[in-house]
Every structure is written in structure tokens, then in C-alpha cells.
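All the letters of the sequence shown, read from the start, carry residue numbers 37 to 399 under my numbering.
In what follows, a single structure is set out as C-alpha cells and then discussed.
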Amino acid sequence: MRVKIVLLLGVVALSGCAPTTKWAVGDSSLVAAEREKQMDMAFEMQMNEQCRLTDVASTVLVGAIDLCGEKVRPIVGIIWFSKDELKGPMREAAIKRYNLTEKKLVVVDAGKNWPAYKAGVRINDQVLSINGSMVTSMRQSAEIMQDAVKDKERWPINIIVQRESKEISYAITPQLSCEYPVGLVAQDVVNAYADGNKIFVTRGMMRFINDDRELAMVISHELAHNIMGHIDKKKGNRLLGAIVDGVAAAYGVRTNGAFGNAAGSAYSQDFEMEADYVGLYAMARSGQVITDAANFWRRMGAANPGSIQEQKGYFSSHPSSPERFVAIDKAVAEIKAKKAAGKPIIPEMKAEQASTVAEKPVE
């Protein structure tokens, strides 16, 4: 009885807040058509952002190969997909956008600084064959391409595509690139991050940046995190702290993971500053203009006033935006001085790390 009374009171309360005007109710078929149109627009926007990200990333990843050590690989730099592999709410929009059929492989992305684009391959091209082998699925084509890229005796790789009604043959020679793929994340938060193997940039960040130079700076910063092994170092620090937590627990002391969390946060600000520094060198080596690069952090500070204040405390993960601005401005001057003196454009390393970076000057 009490439950019925509560439910009744709830219904009465909700009905008291109901709208009082008579608005025009949309026709369900028109709503469905509009939903499809908006999904098409969402897919188009997302693919445009991904292609822009790939274009800029291709420049950075190729230009910074001398900083990436052993994490480089030859690539063709082309992404395609077919109808069979598509899933999710944008599947129909993708099928319509690229006119996909069951066994049709269509190029959806090709970085402008990578071999496929330079050879002439373009978005919307249908891939027909690779080195004489007809391709009909994502898995099969990926295996054929991987085998061809690994075997230099099979270079240049011959790709035949169909563009409108014409079949075109391209000879593509793979090019070395840093082995850190860059992907777009469908989140509105202004962020970018690295996981040690890949680089991720959110759609919120894509909208925040002013131009491709700022995007190159963001990518270069995350690339530097991977180059310098920051993620693995953080994991190692956290593990050491967790061991202390375990020892404390053995003696009956509950730490609730405090040592693991503290150790995992150790050097976080230093890692960020180092990523700014090494990232700026990666950016310079890729041919980007680094003058006024620090202004990005002025804008970031203006958009996030909390970051302007000095970031104190052991658990503060990022330096303040003024600290980053001043440090980057100093690094820009350092790089310009090296260029003027004809010196190698490589970061200044501690003695025990100097041998890990190739001393190859930028042309």
C-alpha cells in the first residue's frame, strides 16, 4: 500500500510539471530522414578530421624517424575498408559515402607525406590488386600488403585502383616512418595522449587548435612521450610503489595503494616538460615552423585559467601553462641557434642517453 501511495504521488508531481503549449509534432518519416542526414554529416565531419590528423601526423612521423630509434618501419601509408568490416551507428553513412559493396575495398585515408599519396593514390579509389594479387577483403589485402612491405625485393609495390571508370596502376616504394599510429578519439574534451605504442587526439582538441602547426605540436608532444618511454617509466614507478604497499600490508598497515599512486605520479611534471622539449625537436625535424610555437600554451592557459597558477604538490601531473610557455620559447631559441650554426637538430641529452639519438642534421 505504501509503495502504491508513493508511486501515485510521483505521478501527480510529474504531471504538475508538464508542458502547457501545443507544439507541432514532427512526422515520423521526416524525423527518420533527418536522423539519417545528421548521421551522414557526423560521419563526414569525423572522416575529415581523421584525414586532417593523418596528413599532419604523416609529416611528423616521417620527419622524426632519427629520434624514434628502433621504433621505425617501412610503410605505404594507405587505409581502406570494405562493407563487410563496418560496424556501429555510422555503418550506413559510410556505405553511402564510399558507395561500398560486399567485396569493394575503398581508400578512406592517405597521409600527404606518405608514399601512396605521393604516388597518386587518392581517397575514394577502389583497390583492385596488390602486386598482381586480386584483393576482396580487408584481412586478405592486409596480409598481402604486409608481406610486400617486409620484402624489399618486391618493391616497388604495384597497386591497381579503379577511379570512376578508369583502372590506374601505381608503383609505390615504402618509406620509413616512426611506428606510432595516430588515431582520432570521438570525445569533446580537449585532450591528446599516448600509450607507448600509439598516439590519440580527441575531436575536442581538433576543434581547439588554430591550425595544422598547432596540431603538429600536439602530435609531436605525444610522440615524444613514446620516444622517451614515459609510459613505461610511469608503470615501473607505480609497480615499485605497489611493492611498498604490499610490504606495508604484510605488516598490517593499510595504505589503500597510496605508495603505488604516489610513485606512479612521480616525475609527471618533468615528463611533460621533457615531452614539450623533445616534441619541439621532432616538430622542427619535420619541417614545421616552430616560431611562436609557445603561443599554444598561452591560449591553453586562457581557455583553462586553473592551469595558469603554479601547479604544486606531488600529485600535480602537469606544469603550469606559463612554465611551459617559457621553457618552449627557450627551446625554440636553442633550435634556431643550432640551425644557424649548422649543428645537428637533436635534443640535448644526459651523457648516458646521448648515444640513443642519431646525430643526423636536418637538410
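No residue lacks a Cβ here, since even glycine has one placed at the ideal position from N, Cα and C.
Whole-angstrom distance between residue j and residue i, CA atom to CA atom
{"i": "residue 231", "j": "residue 254", "result": "15 Å"}
{"i": "residue 136", "j": "residue 94", "result": "26 Å"}
{"i": "residue 59", "j": "residue 240", "result": "34 Å"}
{"i": "residue 220", "j": "residue 86", "result": "6 Å"}
{"i": "residue 384", "j": "residue 366", "result": "13 Å"}
{"i": "residue 115", "j": "residue 344", "result": "40 Å"}
{"i": "residue 133", "j": "residue 216", "result": "28 Å"}
{"i": "residue 128", "j": "residue 324", "result": "38 Å"}
{"i": "residue 340", "j": "residue 57", "result": "41 Å"}
{"i": "residue 256", "j": "residue 138", "result": "38 Å"}
{"i": "residue 371", "j": "residue 381", "result": "7 Å"}
{"i": "residue 293", "j": "residue 173", "result": "The pLDDT assigned to residue 293 is 45, lower than 50, so where the model puts this residue is not dependable; a value taken from the coordinates is nonetheless given after this. Each residue's Cα considered, the two are about 48 Å apart."}
{"i": "residue 80", "j": "residue 242", "result": "15 Å"}
{"i": "residue 205", "j": "residue 70", "result": "40 Å"}
{"i": "residue 411", "j": "residue 101", "result": "The structure shown has nothing for residue 411, since the chain only spans 37 to 399."}
{"i": "residue 84", "j": "residue 314", "result": "29 Å"}
{"i": "residue 267", "j": "residue 108", "result": "18 Å"}
{"i": "residue 198", "j": "residue 246", "result": "36 Å"}
{"i": "residue 68", "j": "residue 74", "result": "10 Å"}
{"i": "residue 66", "j": "residue 143", "result": "32 Å"}
{"i": "residue 201", "j": "residue 90", "result": "28 Å"}
{"i": "residue 148", "j": "residue 374", "result": "28 Å"}
{"i": "residue 62", "j": "residue 105", "result": "59 Å"}
{"i": "residue 359", "j": "residue 76", "result": "43 Å"}
{"i": "residue 187", "j": "residue 82", "result": "34 Å"}
Nearest residue (CA-CA) to residue i, options the options
{"i": "residue 97", "options": "379, 385, 258", "result": "258"}
{"i": "residue 72", "options": "100, 322, 126, 114", "result": "126"}
{"i": "residue 368", "options": "331, 207, 178", "result": "331"}
{"i": "residue 218", "options": "227, 237, 226, 206", "result": "237"}
{"i": "residue 260", "options": "78, 99, 64, 74", "result": "99"}
{"i": "residue 117", "options": "104, 66, 177, 124", "result": "177"}
{"i": "residue 169", "options": "183, 109, 77", "result": "183"}
{"i": "residue 321", "options": "228, 186, 213, 336", "result": "213"}
{"i": "residue 119", "options": "113, 225, 112, 131", "result": "131"}
{"i": "residue 336", "options": "373, 244, 374", "result": "244"}
{"i": "residue 112", "options": "152, 104, 91", "result": "152"}
{"i": "residue 78", "options": "210, 359, 378, 222", "result": "222"}
{"i": "residue 361", "options": "123, 62, 309", "result": "309"}
{"i": "residue 110", "options": "226, 326, 233, 192", "result": "192"}
{"i": "residue 379", "options": "317, 326, 64", "result": "317"}
{"i": "residue 35", "options": "124, 329, 234", "result": "Residue 35 cannot be examined here, being either before or after the span of the chain that is shown, 37 to 399."}
{"i": "residue 233", "options": "208, 265, 88, 194", "result": "265"}
{"i": "residue 307", "options": "354, 161, 181", "result": "354"}
CB-CB length for residue i against residue j, believed under 8 Å
{"i": "residue 252", "j": "residue 319", "result": "6 Å"}
{"i": "residue 141", "j": "residue 163", "result": "4 Å"}
{"i": "residue 203", "j": "residue 196", "result": "6 Å"}
{"i": "residue 312", "j": "residue 228", "result": "Not confirmed; about 13 Å, so no contact."}
{"i": "residue 145", "j": "residue 159", "result": "7 Å"}
{"i": "residue 356", "j": "residue 346", "result": "5 Å"}
As assigned by DSSP and simplified to three states, the class of residue i
{"i": "residue 85", "result": "helix"}
{"i": "residue 223", "result": "coil"}
{"i": "residue 191", "result": "coil"}
{"i": "residue 134", "result": "helix"}
{"i": "residue 253", "result": "helix"}
{"i": "residue 122", "result": "coil"}
{"i": "residue 340", "result": "coil"}
{"i": "residue 331", "result": "helix"}
{"i": "residue 345", "result": "coil"}
{"i": "residue 368", "result": "helix"}
{"i": "residue 78", "result": "helix"}
{"i": "residue 246", "result": "coil"}
{"i": "residue 106", "result": "coil"}
{"i": "residue 180", "result": "helix"}
{"i": "residue 358", "result": "helix"}
{"i": "residue 319", "result": "helix"}
{"i": "residue 57", "result": "coil"}
{"i": "residue 91", "result": "helix"}
{"i": "residue 314", "result": "helix"}
{"i": "residue 374", "result": "helix"}
Sheet register partners of residue i (DSSP bridge)
{"i": "residue 203", "result": "198"}
{"i": "residue 3", "result": "Limits of the chain in this structure are 37 at one end and 399 at the other, which puts residue 3 out of reach."}
{"i": "residue 211", "result": "111"}
{"i": "residue 235", "result": "218, 230"}
{"i": "residue 170", "result": "165"}
{"i": "residue 150", "result": "Paired residue(s): none; residue 150 is not in a bridge."}
{"i": "residue 116", "result": "143"}
Proximity test, residue i beta-carbon vs the ligand FMN heavy atom, cut-off 7 Å
{"i": "residue 319", "result": "The ligand content of the structure shown is nil, which means the ligand FMN is not present either."}
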